[in-house]
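Colleague: So the sequence shown is numbered by my numbering: it starts at 50 and just counts up by one. Have a look at the structure that comes next, please.
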Amino acid sequence: MTSEKYPLLTLSRLRMEIDGEGVTTLIAGAGCPLACKYCINETVLKRVPTILSPQALFDRVKCDDLYFQATGGGVTFGGGEALLHAEFIREFRTLCKDRWRIYAETSLNVPNKNIHIAAACVDGFIVDIKDMNPEIYRSYTGADNAQVIENLKLLISLVGQEKILVRVPLIPNFNTPEDQERSIAQLRNLGITRIDAFSYTVKK
50 MTSEKYPLLT LSRLRMEIDG EGVTTLIAGA GCPLACKYCI NETVLKRVPT ILSPQALFDR
110 VKCDDLYFQA TGGGVTFGGG EALLHAEFIR EFRTLCKDRW RIYAETSLNV PNKNIHIAAA
170 CVDGFIVDIK DMNPEIYRSY TGADNAQVIE NLKLLISLVG QEKILVRVPL IPNFNTPEDQ
230 ERSIAQLRNL GITRIDAFSY TVKK
């Protein structure tokens, strides 16, 4: 074991097929490379994180072990950007072993070494792609999506398309239904078959 630590913001227990199969616990962590205009985690991300070791986090979530095993569920690392903590997730996997499924919610805007690490220890990926158009992506997130697309191709090659769910939002004032459809077409051309197209609801 190394000294990897996780900046925990909050735990959300007993989630049923919201972000993974069966009953899951969402583990929200701090840190994100993006500056999205409508951050769905904005309230959570303002909290002060609790810094935990893999063992300490495992001890917090193991109370739901029976639910995870009975339903084929487990834990979902979210955020923030889950794959900024790929090394931590790898260590956490050694504690829960194969009894639980591990999911990661990610923008994929991380170094590709993190993708290699996560591919070996994560059972399912929920990818928030925003928009495949680089101009729309930059306008909304303040970042470039070249790394995202490169990492998506890498992830497909490492784990296969069946372990990847890609979320494609319709974002008011940033993209259109036509943009959303173009993104979906591009994703299908890359081999992605599991796509969740939805709309953001913006508070006034």
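Ideal placement from N, C-alpha and C gives every residue a C-beta, glycine not left out.
Taking the alpha carbon of L219 as the reference point, which residue from F247, S61, N194 and I205 has its own alpha carbon closest?
Modeller: By one-based count along the sequence shown, residue 219 stands at place 170. The alpha carbon of L219 has as its nearest neighbour, out of F247, S61, N194 and I205, the alpha carbon of F247.
Colleague: Taking the DSSP output, what are the residues bridged to T74?
Modeller: Taking the first residue of the sequence shown as 1, we reach residue 74 at position 25. For T74, which the question treats as bridged, DSSP gives the partners V124.
Colleague: Assuming I175 and Y152 form a contact by the criterion Cβ under 8 Å, report the distance between their Cβ atoms to the nearest whole angstrom.
Modeller: Taking the first residue of the sequence shown as 1, we reach residue 175 at position 126. Taking the first residue of the sequence shown as 1, we reach residue 152 at position 103. About 6 Å separates the two Cβ atoms, so the contact holds.
Colleague: With a CB to CB cut of under 7 Å and the five nearest residues on each side skipped, what residues in its chain are close to D193?
Modeller: Taking the first residue of the sequence shown as 1, we reach residue 193 at position 144. So the qualifying residues of the chain are P183 and R187.
Colleague: Quick test of your reading: E136 and S156, contact by CB under 8 Å. State the CB separation rounded to the nearest angstrom.
Modeller: Translated into positions along the sequence shown, residue 136 becomes position 87. Translated into positions along the sequence shown, residue 156 becomes position 107. Actually they do not touch by this definition, with Cβ atoms about 18 Å apart.
Colleague: Does the region 110–120 come within contact of the region 55–67, defined as at least 3 CB pairs closer than 8 Å?
Modeller: yes
Colleague: Restricting to runs no shorter than 3 residues, where is the beta strand (DSSP E) found entirely within the region 166–242?
Modeller: 173–177 and 213–219
Colleague: Assuming contact is defined by CB atoms lying nearer than 8 Å, are F126 and E154 in contact in what I supplied?
Modeller: Looking up residue 126 in the sequence shown gives position 77. Looking up residue 154 in the sequence shown gives position 105. Yes, Cβ-Cβ distance for F126 and E154 is below 8 Å.
Colleague: Output the distance between the C-alpha atoms of V208 and G173, rounded to the nearest integer angstrom.
Modeller: Within the sequence shown, the letter at position 159 stands for residue 208. Within the sequence shown, the letter at position 124 stands for residue 173. The straight-line gap from Cα to Cα measures roughly 9 Å.
Colleague: Can you give the beta carbon distance from L203 to I213, rounded, assuming they're within the 8 Å contact cut?
Modeller: Counted from its first residue, the sequence shown places residue 203 at position 154. Counted from its first residue, the sequence shown places residue 213 at position 164. The Cβ separation is near 11 Å, so there is no contact.
Colleague: Is I198 near N224, with beta carbons less than 8 Å apart?
Modeller: As a position in the sequence shown, residue 198 is number 149, starting the count at 1. As a position in the sequence shown, residue 224 is number 175, starting the count at 1. No, the pair does not count as a contact, with Cβ atoms beyond the cut-off.
Colleague: With DSSP run on the structure shown, which of helix, strand or coil describes A131?
Modeller: Taking the first residue of the sequence shown as position 1, residue 131 is located at position 82. Correct three-state label for A131: helix.
Colleague: Bridge partners of E136, per DSSP?
Modeller: Residue mapping note: residue 136 aligns to position 87 of the sequence shown, counting from 1. Bridge partners of E136: none, in fact.
Colleague: Bridge partners of R96, per DSSP?
Modeller: Against the sequence shown, residue 96 aligns to sequence position 47. R96 is not bridged to any residue.
Colleague: Specify the secondary structure class of I244 as computed by DSSP and reduced to three states.
Modeller: In the sequence shown, counting from the first residue as 1, residue 244 sits at position 195. Looking at I244 - three-state DSSP - the assignment turns out to be strand.
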